[in-house]
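Chemist:
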Amino acid sequence: MKPPSIIALLSGPDQPGLVARVAGWIYERQGNIIHADQHRDNEAEVFFQRVEWVPAGDIEEERTAFLAMAEGILGMNARVVLSTDRPKVAIMVSKIDHCFHDIILRFRARELPGELVAVVSNHETLAAATEAYGLPFYYIPVTRETKAEAEAQQVKILRETGAELVIMARYMQVLSESFLKNVGCPVINIHHSFLPAFAGGKPYHQAYERGVKLIGATAHYATADLDEGPIIAQDVARINHRHGPPDLVRRGRDLEKTVFAQAIRWHLENRILVYHNKTVVFD
1 MKPPSIIALL
11 SGPDQPGLVA
21 RVAGWIYERQ
31 GNIIHADQHR
41 DNEAEVFFQR
51 VEWVPAGDIE
61 EERTAFLAMA
71 EGILGMNARV
81 VLSTDRPKVA
91 IMVSKIDHCF
101 HDIILRFRAR
111 ELPGELVAVV
121 SNHETLAAAT
131 EAYGLPFYYI
141 PVTRETKAEA
151 EAQQVKILRE
161 TGAELVIMAR
171 YMQVLSESFL
181 KNVGCPVINI
191 HHSFLPAFAG
201 GKPYHQAYER
211 GVKLIGATAH
221 YATADLDEGP
231 IIAQDVARIN
241 HRHGPPDLVR
251 RGRDLEKTVF
261 AQAIRWHLEN
271 RILVYHNKTV
281 VFD
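In terms of the numbering used here, the sequence shown opens at residue 1 and continues consecutively.
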């Protein structure tokens with residue numbers, strides 16, 4: 001088994017010697033760096049870094065000391081976590097189940113470093129499947145008239161479960177600004193990559209009618225601007241005139257599953273820094 005490590009994500013104004021000062025601080029304490037990567041936004045002159053190391057001393061003390069150094073001496077925005085952290089994750093889903101089953105099985109196989117704590121749905125369709133997986137299921141119907149009240153119930157449940165990440169496994173409702181403000185943790189969404197084209201129902205059928213040659217999937221952080229949040233992961237597949245709507249749907253769902261899982265993994269492994277409306281992903 002890998003020894004416990006410290007993971008630091010840094011961002012802030014670029015300045016000479018940042019990489020050397022971070023590495024030197026760890027070296028002076030006899031730590032062993034096992035991953036280090038950095039990026040500079042040349043337009044904004046902003047520096048980003050992810051560094052992971054195995055400390056020689058007490059891991060909690062070193063985590064606290066590094067955070068103080070990064071913020072106080074280097075003047076950087078910093079997030080410092082431990083590799084042993086297992087964030088609590090909640091799933092929101094409606095009726096479409098391919099991402100729902102895929103993500104749960106990945107957690108059960110320990111492919112994703114976290115703990116599933118709840119499934120919240122606006123339909124009862126997946127109640128039995130959720131219970132078969134041994135997870136609590138919360139059914140909260142949503143209508144235009146009851147949306148505010150329903151979202152308040154959802155937020156209450158998610159906060160009570162201690163969710164540190166919410167994933168929308170094809171949850172077919174638009175989350176309001178109030179929900180996103182009050183839920184208290186990031187939210188990751190997955191959808192096809194045709195947007196803003198082919199919006200609404202049956203996007204793959206619409207794409208077939210237009211004779212598209214590429215289909216894709218996008219995972220992003222949810223914001224109050226519908227489907228405009230920072231993009232985490234995307235992928236595409238080439239298609240041709242031989243592929244009918246069922247082929248497009250099948251291949252699209254395959255893409256959605258892999259892209260969604262990749263985005264969740266990167267988030268849980270603390271590989272993402274968000275700035276403005278973009279992400280830096282240290283993959």
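Quick reminder that beta carbons are idealized off the backbone N, C-alpha and C, glycines included. Because the structure is a prediction, the values reported are computed rather than measured.
Let's see if you can read the secondary structure: which residues bound the alpha helix (DSSP H) around Arg79?
Modeler: Not the alpha helix (DSSP H): Arg79 falls in the beta strand (DSSP E), residues 77-82.
Chemist: Under 8 Å, with one C-beta from each stretch per pair, do the region 56-66 and the region 123-134 reach the 3-pair mark?
Modeler: Touching, no, given that fewer than three Cβ pairs across the two stretches are closer than 8 Å.
Chemist: Can you check which of these residues, Ala65, Ser193, Pro136, Leu74, is closest to Pro55 by C-alpha distance?
Modeler: Looking at the Cα atoms, Ala65 is the closest of the given residues.
Chemist: What's the C-alpha gap between Gly162 and Asp247?
Modeler: Between Gly162 and Asp247, the C-alpha separation is close to 39 Å.
Chemist: Quick one: residues in its chain with C-beta nearer than 8 Å to the C-beta of Ser176, no 5 flanking neighbours on either side, listed in chain order?
Modeler: Hits under 8 Å: Lys147, Ala148, Glu151, Ala224.
Chemist: For Phe289 and Ile264, what's the separation of their Cα atoms in angstroms?
Modeler: Limits of the chain in this structure are 1 at one end and 283 at the other, which puts residue 289 out of reach.
Chemist: Between the beta-carbon of Val51 and the beta-carbon of Ile73, is there less than 8 Å?
Modeler: Taking 8 Å as the Cβ cut-off, Val51 and Ile73 do not qualify as a contacting pair.
Chemist: Do the region 87-99 and the region 153-169 meet, that is, are 3 or more Cβ pairs less than 8 Å apart?
Modeler: Enough Cβ pairs lie closer than 8 Å, so yes.
Chemist: To the nearest angstrom, report how far apart Gln173 and His191 are at their CA atoms.
Modeler: Their Cα atoms are separated by approximately 12 Å.
Chemist: Tell me, to the nearest whole angstrom, how far the beta carbon of Ile215 is from that of Arg251; I am working on the premise that it is less than 8 Å.
Modeler: Contact holds; Cβ gap of about 6 Å.
Chemist: On the DSSP letters alone, give me the boundaries of the beta strand (DSSP E) that Ser11 sits inside.
Modeler: Per DSSP, Ser11 belongs to the beta strand (DSSP E) from 6-13.
Chemist: Who are the Cβ neighbours of Gln49 in its own chain at under 6 Å, not counting the five residues just before and after it?
Modeler: Around Gln49: Leu10, Gln38.
Chemist: Taking Ala36 as part of the beta strand (DSSP E), name the residues at either end of that continuous run.
Modeler: Segment 32-41, the beta strand (DSSP E) holding Ala36.
Chemist: Which first and last residues belong to the beta strand (DSSP E) in which Asp102 is found?
Modeler: Asp102 -> not in any beta strand (DSSP E); alpha helix (DSSP H) instead, spanning 98-108.
Chemist: Since Arg50 is in the alpha helix (DSSP H), which residue starts that stretch and which ends it?
Modeler: Arg50 -> not in any alpha helix (DSSP H); beta strand (DSSP E) instead, spanning 46-54.
Chemist: Return the CA-CA distance between Arg29 and Pro4, expressed in angstroms with no decimal places.
Modeler: Roughly 16 Å separates the two Cα atoms.
Chemist: Distance check for Tyr275 and Arg110, CA to CA, integer angstroms please.
Modeler: Cα to Cα, the separation comes out at about 30 Å.
Chemist: From the DSSP output, in three-state form, read off Phe179 for me.
Modeler: Reduced to three states, the DSSP call for Phe179 is helix.
Chemist: Inspect the beta-carbon positions of Gln153 and Ser193 and report whether they are closer than 8 Å.
Modeler: Not in contact: Gln153 and Ser193 (Cβ atoms no closer than 8 Å).
Chemist: List, from N- to C-terminal side, the alpha helix (DSSP H) runs of 4 residues or more that fit wholly inside the region 111-169.
Modeler: Fully enclosed alpha helix (DSSP H) runs of 4 or longer: 127-132, 147-160.
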